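This report concerns only the one structure given below.
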Amino acid sequence: MVHLESSKDYVVVMKGITKVYPGGVVANRNIDFDLKRGEIHALLGENGAGKTTLMKILAGCLLPDKGEIYVKGERVKFRSPVDAIKKGIGMVHQHFTLIPSFTVAENIILGGIGGKREGIKLDMKAIEEEIAEFAKKHGLPINPKARIEELPVGLKQRVEILRLLYRKADILILDEPTSVLTPLEVKELFEALKRMASEGKSIVFVTHKLDEALSISDRITVLRKGEVVARIDNPKSISKEKLAELVVGRKIVYKAVKTKTLYDKTTPLMEIRNLKVLDDRGVLAVRNLNLTLYPGEILGLAGVEGNGQRELVEAITGLRRVEEGEIVILGKKVTNKPPKYIIELGVSYIPEDRTGRGVALELSVAENLIAKVHDKTPFSRRGILNLKSIYSFAKEAIEKFNIVTPSVKTPTMYLSGGNIQRLILARELSFKPKIIIAEQPTAGLDVAATEFIHKLLIDFRNSGCGILLISADIDEILKLSDRVAVIYGGRIVKVYDEVSRIDLIELSKYMLGVKTE
Amino acid sequence: MYEIVVGQLAATVRILTPLALAALGELIVERSGVLNLSIEGIMLFGAFVAFITTFYTDNPWIGILSAMGVGVLLALFFGILTVLLALDQIIVGLSMNILAMGATFFFYRAIFGWYVSPVPPHVETIITEMPIPGLSMIPVIGPIFFNQTVFTYLLFILIPLTYIVLYKTRIGLHLRACGEDPLVADYLGINVYKYRFIALAIEGVLGGIAGALLSISQYNMFLDNMTAGRGYIAIALVILGGWDPLKMLLGTLLYAFVEALQLRIQAAGVVVTAWFPYQFALMLPYLVALIALILFGRRIRGPKALAKPYRRVR
Ligand SMILES: Nc1ncnc2c1ncn2[C@@H]1O[C@H](COP(=O)(O)OP(=O)(O)OP(=O)(O)O)[C@@H](O)[C@H]1O
Ligand SMILES: [Mg+2]
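So the sequences go chain by chain: H and Z.
All you need for my numbering is the position in the first sequence, starting with 1, plus 769.
All you need for my numbering is the position in the second sequence, starting with 1, plus 158.
This is the structure:
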């Protein structure tokens, strides 16, 4: 470790990095991190460990309070992401930094660094051709004319990577790139990363998925609570269990016990009959869908993204108009009833879009926690909020659900992604729900949090709740569900009553619409 | 009949000019993600300053220049509060409008005395029409389009120019990026502050001219609150036009047509029936704008980051 910073092999050396956010959260404490040329380096850690913060510092998006950064043997002080990209460092953020209403080509040339055409005039045709060519050359083909908002997540991510390459980045930082991808897309991404690494690009791969870190990386650095707790130079030499312990700092103890089949088919909790729902463009997204949820079961809804799951969930929760058909919850017709009515029947909703729909970012943690019951005693009386009981309830919930936050009054936007999800769960599960609609409940969450949520869901199921689980993660569906329904093209094309008997190949065929009943 | 139609259309273009200039400025600013309600105050101040300077110098061009200057100053002041200090754009805009109303009311009286004579002060030399030789002789088209002030010609150059800059140049792409997502623009090396301030300065110039045209070209005098909500109308027209300069011009045309008609009805002293007094005519243009917004306004999607303060966290 003598003169790492001047060594040719190390493209990045970060020394003693400390970052304190306004508000006093120490996100990074005296962190050392280095990156070798041509390696894939996994940065592993729980939610809120400080991974994103460290990488944002490296990419010039944040200024460190202390510490030194050397890039390719040279001391640097980045004042903006542009300074970083000039040194070849680019980052794909956890939340994409693309402009949805712009085209792929427009997004790639935005900012105008690294492209051939620097002039004022935009010759979109020439630029589009150049980019199509460029994308093909890098083995990441894309239609440069497509609008970002029309692209699936996998391709959006591809645009982000292409933009970095177009800006001549040779040090790529990917912040949790796989949490939004389907297994097939993950495979493609890994292949692309390996190819890029073999071409001499250096890659930091931020994740909290142990399997991914173990399978793709040349080295692993583990962060916990803002500090480096382990550096693993040879990932082959470490077991998954050992790694999990390093990440979490203790053995994971949650072990959900799923009691045998509980549900009985005589008293359905929710019945959906011949449902028809339009999507945003006015096209039928849910066509004649039938589905029944029983008490005491987890019903997994498997399907490729964009097959009507979103619209179905929105119809159930009262957020989207139903065109035809009906939804009956606990014997009451709820079709086109306002959300409040449905909430009060005991329907909880854990939305996929956490920051958009799950919480109000400007409001405090406590306010978000009671958002759905703010008008009920003891939280308010005759229209006046009872702050004391709100705060004491919030403190309890924070404790119980392990939400890491400086205080109950902190605006929710300062929480890390994982902690926002815990907050949503705390709100949705604290008031004895009868039905839980869980949409990608563990996407982007670390091992411990995932286990925690799985245990919660199973506990609720054991106590007689009906849970509709929508997840892109097939393993999660198979692990938790009592029954599995497959949605394709806005219809339920198959229902498996016995999860242990599911043939994965057959399931995939139903999901892709190759097979129908 | 020919006279009436051509007269009506020429008046439409005349009324359209200041409004469209202001709306164009607002459009550019809104495309950068800033909602500047103070365009109303900028216009009012422009009208006031142009009137005073012209009154004392007898040179309307000095009037125009000083209106431009005061417009830029006000717009930049708005920018310092909302862009730099990230204060709420709506609140700052509204406050500045109220300030402009009070300040012009006060200074007008401070200058001309508290007891305004029955005949308010007028300016003698004003910005007048500048017929374009040859073109202005073409029947119909000539008197409508080519017998206007120089600012109408300027407008008809600026509208397509803005369109081209917005959609066909890097500058426009970057400006729109600031309006869609300033954080992303910032990350990619687009100087959001620079774009927003330049846009505001342009709006200051255009808004100042727009106000000046009211006082020293159309009315020859200054009246309290003489913009009478035209700044807000300009904002409505930007929305109605879907933030597109060409469509915005169409909307402005419709509005100006109704306003010209309204003036004619008033001037002719026509009392159509007892339930159609001239006050009703006064209301017409605003009503048309409102109805148009209700009809078309819902489908329109504006810049995503519009009116949201952007603070850089480092
Ligand atoms: N803008 C901010 N202001 C204040 N605190 C913040 C801000 N961003 C993050 N934090 C806090 O800093 C800590 C580290 O956050 P960071 O986003 O780096 O974690 P992470 O390891 O990327 O977690 P995750 O896996 O959830 O994305 C967290 O406790 C978080 O609440
Ligand atoms: Mg993160």
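We put the CB at the ideal spot given by N, CA and C, even for glycine.
All figures in this text were calculated on a predicted structure; none of them were measured in a lab.
Could you work out which residues of chain H lie near residue i, taking near to mean beta carbons separated by less than 7 Å?
{"i": "A335/Z", "result": "I868, L879"}
Is residue i a contact residue of ligand 2, with contact defined as CB to any heavy atom under 8 Å?
{"i": "Q376/Z", "result": "no"}
{"i": "K978/H", "result": "no"}
Is there a C-beta anywhere in chain Z that falls below 9 Å from the one on residue i?
{"i": "K890/H", "result": "yes"}
{"i": "S849/H", "result": "yes"}
{"i": "I854/H", "result": "yes"}
{"i": "K885/H", "result": "Because the pLDDT of K885/H is 47, which lies under 50, any placement of that residue in the model is unreliable, and the number read from its coordinates should be weighed accordingly. No, K885/H does not count as interfacial toward chain Z."}
{"i": "P946/H", "result": "no"}
{"i": "P791/H", "result": "yes"}
For a test of your reading of the model: does the CB of residue i fall under 8 Å from any non-hydrogen atom of ligand 1? Yes or no.
{"i": "N1188/H", "result": "yes"}
{"i": "V861/H", "result": "no"}
{"i": "P850/H", "result": "no"}
{"i": "D939/H", "result": "no"}
{"i": "P791/H", "result": "yes"}
{"i": "D1215/H", "result": "yes"}
{"i": "Y345/Z", "result": "no"}
{"i": "Y468/Z", "result": "no"}
{"i": "A1013/H", "result": "no"}
{"i": "M288/Z", "result": "no"}
{"i": "Y1110/H", "result": "no"}
{"i": "M1182/H", "result": "yes"}
{"i": "A818/H", "result": "yes"}
{"i": "G995/H", "result": "yes"}
{"i": "L823/H", "result": "yes"}
{"i": "L992/H", "result": "yes"}
{"i": "T1124/H", "result": "no"}
{"i": "V281/Z", "result": "no"}
{"i": "V1173/H", "result": "yes"}
{"i": "E981/H", "result": "no"}
Under 7 Å Cβ-Cβ, which residues of chain Z neighbour residue i?
{"i": "E875/H", "result": "L331"}
{"i": "C830/H", "result": "Y345"}
Could you tell me which chain H residues have their CB closer than 9 Å to the CB of residue i, listed as they occur along the chain?
{"i": "E338/Z", "result": "I868, P869, S870, F871"}
Need the endpoints of the beta strand (DSSP E) that residue i sits in, please.
{"i": "F974/H", "result": "971-976"}
{"i": "L812/H", "result": "809-814"}
{"i": "Y1118/H", "result": "1116-1119"}
{"i": "F1229/H", "result": "F1229/H -> not in any beta strand (DSSP E); alpha helix (DSSP H) instead, spanning 1216-1231."}
{"i": "G859/H", "result": "858-861"}
{"i": "L293/Z", "result": "Premise fails: L293/Z is in no beta strand (DSSP E) and is neither H nor E."}
{"i": "I1067/H", "result": "1066-1071"}
Name, please, each residue of chain H whose Cβ falls closer than 8 Å to the Cβ of residue i.
{"i": "T327/Z", "result": "I889, K890, L891"}
{"i": "G347/Z", "result": "S849, P850, V851, I854, G880, G881, I882"}
Would you say residue i lies against chain H (beta-carbon separation less than 9 Å)?
{"i": "A343/Z", "result": "yes"}
{"i": "R354/Z", "result": "no"}
{"i": "R422/Z", "result": "no"}
{"i": "K462/Z", "result": "yes"}
{"i": "V471/Z", "result": "yes"}
{"i": "R172/Z", "result": "no"}
{"i": "R459/Z", "result": "yes"}
Got a sec, what are the start and stop residues for the alpha helix (DSSP H) residue i sits in?
{"i": "K855/H", "result": "850-855"}
{"i": "K1169/H", "result": "1156-1169"}
{"i": "I900/H", "result": "893-906"}
Exercise. In chain order, what are the residues with a CB under 7 Å from some non-hydrogen atom of ligand 2?
Worked result: K820/H, T821/H, Q863/H, D944/H, E945/H, V975/H, S1185/H, G1186/H
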